[in-house]
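Scroll down for the structure; my scribbles are underneath it.
Protein chains: 2
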Amino acid sequence: MLRVTIKDVSREAGVSIKTVSRVLNNERYVGAETRARVQAAVAQLKFRPSLAARSLAGKRSFQIALICDNPSPYYVYEMQSGIRDRCVEEGVRMIAQPYDRDSATLIEDIENLVDATSVDGLILTPPVTDYAAVLELLERRGVRFVRVSPGGDVALTSSTFIDNEAAARLMTEHLIALGHRRIGIVRGHPDYATSAQRFAGYAAALEGAGIARDDTLVRAGRYDFASGSAAAEALLDLAAPPSAIFASSDDMAAGVLAAAHRRGIKVPEQLSVAGFDDTALASVVWPPLTTIRQPTRAMGYAAADLLLAGGDSPAERREVGYELVVRGSTGVVSPP
Amino acid sequence: MLRVTIKDVSREAGVSIKTVSRVLNNERYVGAETRARVQAAVAQLKFRPSLAARSLAGKRSFQIALICDNPSPYYVYEMQSGIRDRCVEEGVRMIAQPYDRDSATLIEDIENLVDATSVDGLILTPPVTDYAAVLELLERRGVRFVRVSPGGDVALTSSTFIDNEAAARLMTEHLIALGHRRIGIVRGHPDYATSAQRFAGYAAALEGAGIARDDTLVRAGRYDFASGSAAAEALLDLAAPPSAIFASSDDMAAGVLAAAHRRGIKVPEQLSVAGFDDTALASVVWPPLTTIRQPTRAMGYAAADLLLAGGDSPAERREVGYELVVRGSTGVVSPP
DNA sequence: TTGTAGGCGTTATCAC
DNA sequence: GTGATAACGCCTACAA
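These protein sequence lines are chains A and B, in that order. Residue numbers are given in the working numbering: position 255 of the first sequence equals residue 378, and the series is strictly consecutive. Residue numbers are given in the working numbering: position 28 of the second sequence equals residue 151, and the series is strictly consecutive.
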């Protein structure tokens, strides 16, 4: 397999190897004419630099990795797509590293990844985005990383996020405005900071409206269909069941809708259901659902953007807008 | 950042660099005691070889890529997970390359990937698995690749698949056995070989039962929710609507169920619905669904296995079993 | 069974 | 502005 190398290009263009390298890396101090000649030769020979060689000799590896452990394939897909979009623009590859959240070797795996591939950076999604051991490791090793939807310790590192609390509050206020007073909530997975954030928004809305919170209406969930379904069953079993249920994720909203459907409860006539981060499951399959649309793809794109930005640019928090989608009619709420 | 190199290990173990390398690559001709000493040193220093250096110097890059363009996030997720599982065992990284099917630069993108990363191989999923231009390119460049669910030209390259025709036939025969005579089908995306294979199974079952095929019951689809829903609407609008509908994918089955639901048609009392490759959408959200369970994850695992197997092992076709799931009760049908 | 020399394709350093 | 030359960390080929 005959590989085209810089050497070939340099010969073709009649310049030195180093000059070709300069053009490739967009360095200064290259004559306009020389640059053009080199670029022509590159195109002519279809030269594509070897990532391995670049990585070995230089400081960059032109690869980033996504550390993703999420129960929702839609979330993963959207996240990957967003990151991919930005990577393509930059000529960078994405290593997808799906992880088991329970893996006892998570730290070691990540360290392995970092050492073996010398990735230019990592993108962390919940819940790993808040694992102190991981953050500490990356910090110590001097590896760049961007956190998606982090909980605490937000000042130090770059991150992308939406204002989960404000969004959940908006959604809950919407339910209150519809006249609901007994609003149930299915919380997200306890390991995810977003769960607490969304619950806080729910609680704040109730408090703002002067509605005393009834903790029998607060149910634990795990961000998946099954837990949403089970929680809804429990809520609907109450002597005084809620008239509205706010599920902290789309999968759970689908579970709630399924439970209602099993009991012959009409949505939204007899029960209002609200969701979060609609993907395809709940909002498409069972349309009568009001939801917060979280731009997962945009968060991925932004995360990659932050990662690829500057070698030593300061930590930056980038907020992404969300939408409140009321039964299919959309109102843009907060694109910052 | 102080990198631990082979040199450090060799010093620690009191052997030459080459000997360490031999141990790392599981080569023969290393004394048991020497090997143990080296392994101890590796563990001691937490040595992790640089992929870049290995790739540059050797023949392998320890990276493979997944060329995936599929409308179903579940499919992508399962596929990636299966491949990942096998890669982890082998210490290989996976580069995820989601592609736009319509991309005019697909060929160039893949060539780019191959040249830049020197991946040890590629895994192609439908519909790219049947793109002649891509296959020709890889063949010409001498790059190993494995096709998932290919259509034609199957003899030359390794592939993993299920017997889509037999599965669809089984499913259709099941519907016939239930007494159905007017069975509608929503075909898959025309670019996917699996669409034709599943339709062939449907047709064969009808013919085997001596039922004349009514082409008004055959509808085009695109493997997604919307097309399944639209096709079902059309079928249910017929003067003589079908009593059963076979959707060629899970997303489309969900669409069919949604359409039935909108019209207040009870499933399965008034309409039987059958699906294929249940993921979470149709079969979980709307349980009364009989379906063929395609082991996407297993196909991914098998594909990676074939790819990582031997450097010059011959092409091998690996069939994976499927299950017919009848309303939740499972009968294993064909694990080869 | 083990060790030595050379090179993989690129970037970094330092002259010119 | 441009060009030699030395790394980068490992594997291949060959020698011992």
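C-beta: ideal position from N, C-alpha, C; glycine also.
Tell me the residue span of the beta strand (DSSP E) that contains B:ALA219. As a first step, residue 219 of chain B is located in the second sequence; it is residue number 96 there, counting from the start. Residues 216-221.
Beta strand (DSSP E) segment containing B:ALA343, residue limits: On the second sequence, position 220 is the one that residue 343 of chain B refers to. From DSSP, B:ALA343 is part of no beta strand (DSSP E); its letter is neither H nor E.
At 7 Å on the CB atoms, spell out the chain B contacts of A:ARG216, in chain order. In the first sequence, counting from the first residue as 1, residue 216 of chain A sits at position 93. Residues of chain B passing the Cβ test: ILE218 and THR240.
Would you give the residue range spanned by the alpha helix (DSSP H) that A:GLY333 belongs to? Counting from 1 along the first sequence, the entry for residue 333 of chain A is found at position 210. Here A:GLY333 belongs to no alpha helix (DSSP H), and DSSP marks it neither H nor E.
Under 9 Å between beta-carbons, which chain B residues line up against A:VAL199? List them in chain order, please. In the first sequence, the residue the question calls residue 199 of chain A occupies position 76. Simply PRO196, VAL199, TYR200 and GLN203.
Among A:ASP400, A:ARG145 and A:LEU301, nearest to A:GLN393 - alpha-carbon criterion: Taking the first residue of the first sequence as 1, we reach residue 393 of chain A at position 270. It is A:LEU301 whose Cα lies nearest to the Cα of A:GLN393.
Please report whether the beta-carbon of B:PRO250 lies at a distance below 9 Å from any beta-carbon of chain A. Against the second sequence, residue 250 of chain B aligns to sequence position 127. It does not: the Cβ of B:PRO250 has no partner Cβ on chain A nearer than 9 Å.
Look up A:ILE299 in the DSSP assignment and say whether it is helix, strand or coil. Along the first sequence, one-based indexing puts residue 299 of chain A at 176. Note: A:ILE299 maps to helix in three-state DSSP.
In chain B, which residues lie less than 9 Å from A:ARG336 when you measure between Cβ atoms? The count along the first sequence starts at 1 and reaches residue 336 of chain A at position 213. Chain B residues near A:ARG336: none, gap ~30 Å exceeds 9 Å.
Between the C-alpha atoms of B:ALA349 and B:MET375, what's the straight-line distance to the nearest angstrom? As a working mapping, residue 349 of chain B is identified with position 226 in the second sequence. As a working mapping, residue 375 of chain B is identified with position 252 in the second sequence. Between the C-alpha atoms of B:ALA349 and B:MET375 there is a straight-line separation of about 7 Å.
Tell me the rounded alpha-carbon separation between A:LEU361 and A:ILE308. As a position in the first sequence, residue 361 of chain A is number 238, starting the count at 1. As a position in the first sequence, residue 308 of chain A is number 185, starting the count at 1. Spanning the two alpha carbons is a distance of roughly 14 Å.
Using a threshold of 8 Å, is the CB atom of B:ALA367 nearer than that to any non-hydrogen atom of the ligand NAP? Judged by which ligands are present, the structure shown has none, so any question about the ligand NAP falls away.
Which residues does DSSP list as the beta-bridge partners of A:THR283? Taking the first sequence and counting its residues from 1, one reaches residue 283 of chain A at position 160. Bridge partners of A:THR283: A:VAL271 and A:ARG441.
Rounded to whole angstroms, what's the CA-CA distance from A:GLN116 to B:ALA175? Just pull it up for me. Because residue 116 of chain A is not part of the residues shown, which for chain A are 124 to 459, the question remains open.
Quick check on A:GLY307: does DSSP put it in helix, strand or coil? Looking up residue 307 of chain A in the first sequence gives position 184. DSSP places A:GLY307 in strand when its eight states are reduced to three.
With burial defined as no fewer than 16 other Cβ atoms inside 10 Å of the residue's Cβ, what is the status of A:GLN203: buried or exposed? Residue numbering aside, residue 203 of chain A sits at position 80 when the first sequence is read from its first letter. Here A:GLN203 is buried, its C-beta having at least 16 other C-beta atoms within 10 Å.
Interface flag, A:LEU236 vs chain B, CB-CB below 9 Å: Indexing the first sequence from 1 puts residue 236 of chain A at position 113. Yes, A:LEU236 lies at the interface with chain B (some Cβ there is under 9 Å from its Cβ).
Give the single residue among A:ALA363, A:GLN320, A:ALA332 and A:ARG126 whose Cα lies nearest to the Cα of A:THR339. As a working note, residue 339 of chain A is residue 216 in the first sequence. For A:THR339, the closest C-alpha among the options A:ALA363, A:GLN320, A:ALA332 and A:ARG126 is that of A:ALA363.
Tell whether a beta-carbon distance below 9 Å holds between A:ILE190 and A:ILE230. Your numbering for residue 190 of chain A matches position 67 in the first sequence. Your numbering for residue 230 of chain A matches position 107 in the first sequence. A:ILE190 is not a Cβ neighbour of A:ILE230, given a cutoff of 9 Å.
With DSSP collapsed to three states, give me the class of A:SER135. For the purposes of this step, residue 135 of chain A is taken as the residue at position 12 of the first sequence. The sequence shown places Glu at residue 135 of chain A, rather than the Ser named in the question. Secondary structure of A:GLU135 (DSSP, three-state): helix.
With DSSP as the reference, label A:ARG416 as helix, strand or coil. As a first step, residue 416 of chain A is located in the first sequence; it is residue number 293 there, counting from the start. Strand at A:ARG416.
So, using beta-carbon positions, are B:SER424 and B:ARG171 closer together than 9 Å? Translated into the one-based positions of the second sequence, residue 424 of chain B becomes position 301. Translated into the one-based positions of the second sequence, residue 171 of chain B becomes position 48. Looking at the sequence shown, residue 424 of chain B is not Ser but Tyr. In this structure, B:ARG171 does not lie closer than 9 Å to B:TYR424 by Cβ.
Quick check on A:ARG151: buried or exposed, where buried means 16 or more other Cβ atoms within 10 Å of its Cβ? For the purposes of this step, residue 151 of chain A is identified with residue 28 of the first sequence, where counting begins at 1. A:ARG151 should be labelled exposed.
With a threshold of 16 other CB atoms inside 10 Å of the CB of B:PRO313, please say whether the residue is buried or exposed. By 1-based counting over the second sequence, the position of residue 313 of chain B is 190. Answer is exposed; the Cβ neighbour count stays below 16.
Closest Cβ-Cβ distance between A:LEU179 and chain B: below 9 Å? The residue given as residue 179 of chain A occupies position 56 in the first sequence. By the rule that beta-carbons nearer than 9 Å mark a contact, A:LEU179 touches chain B.
What are the boundary residues of the alpha helix (DSSP H) that includes B:ALA180? Looking up residue 180 of chain B in the second sequence gives position 57. Note, B:ALA180: alpha helix (DSSP H), 174-180.
Beta carbon proximity, A:LYS169 to chain B, threshold 9 Å: Indexing the first sequence from 1 puts residue 169 of chain A at position 46. Answer yes: the Cβ-Cβ gap between A:LYS169 and chain B drops below 9 Å somewhere.
Can a CB atom of chain A be found closer than 9 Å to the CB of B:PRO185? As a working mapping, residue 185 of chain B is identified with position 62 in the second sequence. It is Phe, not Pro, that sits at residue 185 of chain B in the sequence shown. B:PHE185 has a beta carbon lying within less than 9 Å of a beta carbon in chain A.
Quick one: what's got a C-beta closer than 6 Å to B:ARG224's C-beta in the same chain, skipping five residues either side? Locating residue 224 of chain B in the second sequence gives position 101, where the first residue counts as 1. Annotation for B:ARG224: ASP192 place their beta carbon closer than 6 Å to its own, counting only its chain and skipping 5 residues before and after.
Which one or two residues does DSSP pair with B:CYS191 in a beta bridge? The residue you call residue 191 of chain B lines up with position 68 of the second sequence. Note: B:CYS191 sits in a beta bridge opposite B:PRO221.
Taking only beta carbons into account, state which residues of the region 150-176 of chain B come closer than 9 Å to chain A, listed in chain order. So the close ones are LYS169, PHE170, ARG171, PRO172, SER173, LEU174, ALA175 and ALA176.
Just checking: is the beta-carbon of A:LEU447 within a distance shorter than 9 Å of some beta-carbon in chain B? Your numbering for residue 447 of chain A matches position 324 in the first sequence. For A:LEU447, the answer is no, since every Cβ of chain B falls outside 9 Å of its Cβ.
Span of the beta strand (DSSP E), counted from its first residue to its last, around B:LEU247: Counting from one through the second sequence, the residue named residue 247 of chain B turns up at place 124. 244-247 is the extent of the beta strand (DSSP E) around B:LEU247.
According to DSSP, which residues form a beta bridge with A:VAL396? Position 273 of the first sequence, counting from 1, holds the residue named residue 396 of chain A. Bridge partners of A:VAL396: A:ILE368.
Within 9 Å of any Cβ in chain B, is that where the Cβ of A:PRO418 sits? Taking the first sequence and counting its residues from 1, one reaches residue 418 of chain A at position 295. Against chain B, the CB of A:PRO418 has no partner CB under 9 Å away; the residue lies outside that interface.
Spatially closest choice to A:ARG267 from A:GLU439, A:VAL449 and A:VAL443, by CA coordinates: Stepping through the first sequence from its first residue, residue 267 of chain A is reached at position 144. Taking only the C-alpha atoms, the option nearest A:ARG267 is A:GLU439.
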